[in-house]
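Chemist:
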Amino acid sequence: MHQNQKLVEARIRRVLDERITPAVHSARQPVSMAAWKVPDEPVPVAEALVADYTPFTLGTAWGRAWSTWWFELQGAIPLDWNGRTVELLIDPGFLGDWPGNQAEGLVYTPQGVPVKGIHPRNGYVRLAEAAKGGEPVHFFVEAAANPDILVNEFVATLYGDKATAPEAPIYHFRVAELAVFEPDVWDLRFDIEVLFQLMLELPETEPRRAEILRALQHSLDTLALDDIVGTATAARAELAEVLSRPANASAHRISAIGHAHIDSAWLWPIRETKRKTARSFSNVLTLMEQYPEFRFAASQAQQYVWLQENYPEVWDRMRAAITAGSWIPVGSMWVEADGNLPGGEAMARQLVYGMRFFAEALDVHTRGVWLPDSFGYSAAFPQLAKAAGLEWFLSQKLSWNQTNSFPHHTFWWEGIDGTRVFTHFPPVDTYNSILEAEELHHAVANFREKGGATRSLIPFGYGDGGGGPTREMMERYRRARDLEGSPRLEIETPDSFFEKALAEYSDAPVWVGELYLELHRGTFTSHAREKRGNRASEARLREAELWSTAATLRTGAEYPYDRIEHLWKRALLQQFHDILPGSSIAWVHRENEEAYRTNLAELEMLIGEATSALGVTAAVLNAAGHARRALVEDESGVPTGLVEMPGSGLAPARFVSPAHPVVGSARVLENGLLRVRLDDAGLIDSIVDVREGRELVPPGKRANLLQLHEDLPNAWDAWDIDGHYRNSMKDVDSVESIDLVESSPLRCTVRIVRAFGRSRAVQCVSLVADDARVHLRTDVDWQEEEKLLKVSFPLVVHAQHHSAEIQFGHVRRATHVNTSWDDARFEVAAHRWVHVEEPGYGVGLSNSGSYGHDITRTVGDSGEVQTELRISLVRAARSPDPAQDLGAHRFDYALVPGADIETIVRAGYEQHLPVRQVPGTVTDATSDATTWSLLDIEGEGIHLEAVMMAADRSGDVIARLYEARGSRGSARLRPGFEVVGYEQVDLLERPLAPDARRAPRFEPTEAGLELALWPFQIVTVRLVR
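As numbered in the working numbering, residues 3 to 1027 make up the sequence shown, in order.
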């Protein structure tokens, strides 16, 4: 028989979409409505239940952007619906079909108990499986008028903050009605959908495809379009045989796990995320009642805390589901943090506080890192995961790479220290699967480990703004889980998947080093004030713990456990992967800047209390782990003298005479170690390392040069810096004034004022006595649009690679572009420093709060290889925050000639840890302080990252150290307090597991602890008192 296959396919689509799907709900009856507009921010449900409601008519406009409305719905199930399945349908005016980025709601009982959330793909409440007729219906709906920020993709919008959002309502309430749910029509819908989608994925030459098409045609021939309810069962019978055929024995196996990726802030503020958790989680719990085989995994301890604090009924239901094994806490982290920008100790605390919460609040011991959506992953992750006792790592974000396709889906990921963690990237290439055939077949075709492995994982459920799995997804799962032509599906926990994957593929390939995302490079720089706030918070938290520990040990002061934990958790929330990267709406970043100011003020207060409790006066304090000579200033910032201090300790405030005082003019600064010359534009045209007799600035080049680029990426404005930005560049070399503003033997400073575009910059160049660093400060009043400002340092250094600090160590990257992988790294992340070297000589560049860098090489006119270091200072994207980065910025950085890795590591710490002074007369005379170190480290290469009182409140002290140079390190630890023993523990301060990696030497002696570490090894030590 001749037939046009395309016509049959078109018939199937139309009948399914326009006849069968609408017939799932047959009889309908409106409910009455009343509304109350919340005057300002959301209110507790108890307040909303007693508010003054007014009648409301369907079709009426409601909801200025970010407002909250409550709707009261009342009615009764008609008597003639006796025995029928009845649902309440709600549509407050949804736009499109993707949930999370638009209007949402949470349905409550009249008693204030949350029932379930509503979104564009989940707008029902099941009222009765078999109604009696006449039952009253009464619910309240908390409706959030959240705007669709990206409806016009990356066009600047005022909707990103309630303070700037237009007044006009943005939604019209469409549906509030009771409806009869038709189970047979529902089942027919998914029988046809699953088979039809499967058919489209099969080759046209495949007999199975023709058989499915024939069965579908027979089913539609059997279905009476004027009596779909009455003929649905017969139509289903035509499909039973093709639906019953099992999957092939060799079919790929997919472990499916329900998931609702909820960004802790993004296109909505944190206050909205708190409500999103309740909506998504209540939906999930309802789905578990309907589909007993359903399992759901949720990450981010912070979101569990919000649920516990604000929605106790949902929390209790969730805990019961955890006990039943249906709900699986995963991820181990406080939030799904950015994978590059948090500092070493902060990344450790993400795991520490996340895992402690899951264990203490839920009696759950997580086993892996679940981080699907961060913008690349630091090479420190494997060691941190293992040090926390974790076994696996999951992400999928590198499927977004623009240039190179990542070669593995299941593999061992090896970090900078050699630690390996078993890792999986779901080949479905999404964490928001809806379990349609196209996704399932993509996962199979895309899977790189065929022949070695037979299984992969799919997280399914609407995500980003939450929503989670739906009953539609579960219906697809039930039909496709063992179906000829499809992979086999099994709902199971992530732990179960990883156990099976490891058992069959323990010899998986190895990827060494960072997982660099070839996209979203702008997140290293966007919202620069918050980048500096993060770095400052991390440094102040270190100080707060160190000096509080010192005060406890020296004078018995009470250690502020709870205050420190509270401040840490606030800082960890701010490291979420759309907050710290600078890729959220204006509301989020406005609140985040305010939060940093508050946090830093509280930390300064805490540090002040601790230093005041040390029991000394006229002392200087050094929070860096190494001894240092440093400049101290008076309250107005005027240098008063040089002091010497031990690492992690204090010393009398006695000045020492500089061996290398500074002399200077508006053009030349010199201190016997370095000589710096400025040209007529106030740019550095010469830096001579006097110790080596070496010129660093190439002929004709200038350092500390601001460079302005056009910065309009093809998409994802705040997220991306595209490579074409390099095609346009303007040197900022105009100058209004050059003045010597500080001149003393202790410090000389030249100030240069510039104007460019609509912006102004003030640059300061300083030399300090006895200090082989060029200290630089740039203050910018930034008023540009779609521009990128960098600062450049061309150097006569023949460097094949650069080193960039990451958490607990550094990575080396090529300065050339030999391969597409090298070329794609045209913008990279570094923490406190970058470093380049040729054999025998290196130069470092430290900074106080920037992350984005580019390091390139060229050949000069004389044939010498030159290396250029550039820091990305500030951007001016206009989406999703149209005012991103406008206003005042301060950037501090320092060039360190002649530096090896140890030198630049120390410079990085010193840039972030200022010398503190305990009140008293700072002179070269007397002080009641004696030199004392909380934890003295004798030796190089091993650095102290954190010291604190043990979390178990035993009185023991915890110290976290690491080897920083990438070579074997050894040191002696000498505590400044009585210790009865030393123990190696894991990140959570627990005894090491038998198979844990240990320090090659860990030998307590009368003089302290003799310690040796492998390259980049992290060790956590419990000092038992």
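Where is the CB? At the ideal position from N, CA and C, for every residue including glycine.
As the structure is a prediction and not an experimental result, all values here were calculated from the model.
#1: By how many angstroms is the C-alpha of Ala12 removed from the C-alpha of Val316?
#2: Let me confirm a value: Glu477 is counted as buried when at least 16 other C-beta atoms fall within 10 Å, else exposed. Which label applies?
#3: Which two residues bound the contiguous beta strand (DSSP E) that contains Ser257?
#4: Within the same chain, show all residues whose beta-carbon is closer than 6 Å to that of Pro882, passing over the 5 residues directly before and after it, in chain order.
#5: Quick one: grab the DSSP three-state call for Leu875.
#6: How many angstroms separate the CA atom of Gly417 from the CA atom of Glu520?
#7: Could you check where the beta strand (DSSP E) with Leu742 kicks off and where it finishes?
#8: So, with DSSP's three-state summary, where would you put Val117?
#9: Terminal residues of the continuous alpha helix (DSSP H) containing Ile939?
#10: Jot down the residue ranges of each uninterrupted alpha helix (DSSP H) in the region 364-422, minimum 4 residues, whole runs only, in chain order.
#11: Taking Met35 as part of the beta strand (DSSP E), name the residues at either end of that continuous run.
#12: Let me check understanding here. Comparing Cα to Cα, which of Val793, Arg473, Ala879, Asn820 lies closest to Asp189?
#13: List the endpoints of the continuous alpha helix (DSSP H) containing Arg176.
#14: Fully enclosed by the region 284-324, which beta strand (DSSP E) runs are 3 residues long or longer?
#15: How far does the alpha helix (DSSP H) with Tyr563 in it reach, from first residue to last?
#16: Based on Cα-Cα distance, which residue from Trp784, His568, Asp887, Asp42 lies nearest to Trp720?
#17: So, at 8 Å on beta carbons, what are the nonlocal neighbours of Ala217 in its own chain, with the 5 sequence-adjacent residues on each side left out?
#18: Leaving out five residues on either side along the sequence, give the residues of the same chain with a beta carbon under 8 Å from the beta carbon of Gln61.
#19: As a quick exercise: from Ile92, Val117, Thr619, Phe296, pick the residue whose alpha carbon is nearest that of Ala323.
#20: Spatial neighbours of Glu738 within its chain, please: CB distance less than 8 Å, with the 5 preceding and 5 following residues excluded, ordered by chain position.
#21: Touching or not, the region 795-805 and the region 488-495, by the rule of three or more beta carbon pairs under 8 Å?
#22: Using only alpha-carbon positions, find the residue among Glu595, Gly524, Phe828, Gly370 that is nearest to Pro715.
#23: Taking the alpha carbon of Leu652 as the reference point, which residue from Thr642, Glu637, Gly627, Pro641 has its own alpha carbon closest?
#24: The beta strand (DSSP E) with Tyr895 in it runs from where to where?
#25: Using only CA atoms, which one of Gly941, Tyr853, Leu936, Asp954 lies nearest to Ala948?
#26: Taking 8 Å as the CB-CB cut-off, is Leu1025 touching chain C?
#27: So, at 7 Å on beta carbons, what are the nonlocal neighbours of Asn594 in its own chain, with the 5 sequence-adjacent residues on each side left out?
#28: Since I believe Ala48 is in contact with Trp38 (beta carbons under 8 Å), could you give me their beta-carbon distance rounded to a whole number of angstroms?
#29: Kindly list the residues whose CB is nearer than 8 Å to the CB of Thr166, restricted to its own chain and excluding five residues on each side of it in sequence; keep chain order.
#30: Determine whether the beta carbon atoms of Leu129 and Val88 lie at a separation below 8 Å.
#31: Taking the beta strand (DSSP E) that Val981 falls in, what are its first and last residues?
#32: Quick one: Cα of Ala927 to Cα of Arg656, how far?
#33: Within the same chain, show all residues whose beta-carbon is closer than 6 Å to that of Thr751, passing over the 5 residues directly before and after it, in chain order.
#34: Can you pull the DSSP bridge partners for Asp466?
#35: Compute the distance between the beta-carbons of Arg859 and Thr817, then report whether it is under 8 Å.
#36: Would Trp268 and Asp466 be called neighbours here (beta carbons separated by less than 8 Å)?
Modeler: For this structure:
#1: As the crow flies, the alpha-carbon of Val316 is around 44 Å from that of Ala12.
#2: Around the beta-carbon of Glu477, 16 or more other beta-carbon atoms lie within 10 Å, marking it buried.
#3: Start and end: 255-261.
#4: Same-chain partners within the cutoff: Ile151, Gly162, Ile587.
#5: The DSSP-derived three-state label of Leu875 is strand.
#6: A direct Cα-to-Cα measurement between Gly417 and Glu520 gives close to 19 Å.
#7: 739-745 is the extent of the beta strand (DSSP E) around Leu742.
#8: Correct three-state label for Val117: strand.
#9: That residue, Ile939, is in no alpha helix (DSSP H); its beta strand (DSSP E) goes 937-940.
#10: As summarised for the region 364-422, the continuous alpha helix (DSSP H) elements at least 4 residues long and confined to that stretch are 383-389, given in chain order.
#11: Met35 -> beta strand (DSSP E) spans 34-39.
#12: Nearest of Val793, Arg473, Ala879, Asn820 to Asp189, Cα basis: Arg473.
#13: Per DSSP, Arg176 belongs to no alpha helix (DSSP H) and is neither H nor E.
#14: At a cut-off of 3 residues, the continuous stretches assigned as beta strand (DSSP E) that sit fully inside the region 284-324 are 298-300.
#15: That run of the alpha helix (DSSP H) goes 563-575.
#16: According to the sequence displayed, residue 720 carries Ala and not Trp. Measuring from the Cα of Ala720, the nearest candidate turns out to be Asp887.
#17: If you ignore the 5 residues before and after Ala217, its C-beta comes within less than 8 Å of the C-beta of Leu197, Glu240, Leu241, Glu243, Val244, all in its own chain and listed in chain order.
#18: According to the sequence provided, residue 61 is Gly. The question's Gln does not apply to it. Around Gly61, the same chain offers His174, Phe175, Arg176 as residues with beta carbons nearer than 8 Å, after the five sequence neighbours per side are excluded.
#19: Relative to Ala323, the option among Ile92, Val117, Thr619, Phe296 whose CA is nearest is Phe296.
#20: Hits under 8 Å: Val755, Arg756, Ala757.
#21: Contact fails: fewer than three Cβ-Cβ distances are below 8 Å.
#22: Measuring from the Cα of Pro715, the nearest candidate turns out to be Gly524.
#23: Ranked by Cα distance from Leu652, the options Thr642, Glu637, Gly627, Pro641 are led by Gly627.
#24: Tyr895 -> beta strand (DSSP E) spans 889-899.
#25: Leu936 is the residue among Gly941, Tyr853, Leu936, Asp954 whose C-alpha sits nearest the C-alpha of Ala948.
#26: Looking at the structure shown, chain C is missing, and only one protein chain is on hand.
#27: The answer, listed in chain order, is Glu532, Gln576, Ile581.
#28: Trp38 to Ala48, Cβ: 14 Å. No contact.
#29: Cβ within range, chain order: Leu160, Ala588.
#30: A contact, by the Cβ cut-off of 8 Å.
#31: Boundaries cannot be given for Val981, as no beta strand (DSSP E) includes it and DSSP labels it neither H nor E.
#32: Its pLDDT being 49, under 50, Ala927 is placed unreliably by the model, and nothing is read from it.
#33: Spatial neighbours of Thr751 in its own chain (CB-CB distance under 6 Å, excluding positions within 5 residues in sequence) are listed in chain order as Val743, Glu744, Cys766, Ser768.
#34: Looking at the DSSP output, Asp466 sits in a beta bridge with Ile264.
#35: Cβ atoms of Arg859 and Thr817: closer than 8 Å.
#36: In this structure, the beta-carbon distance from Trp268 to Asp466 falls below 8 Å.
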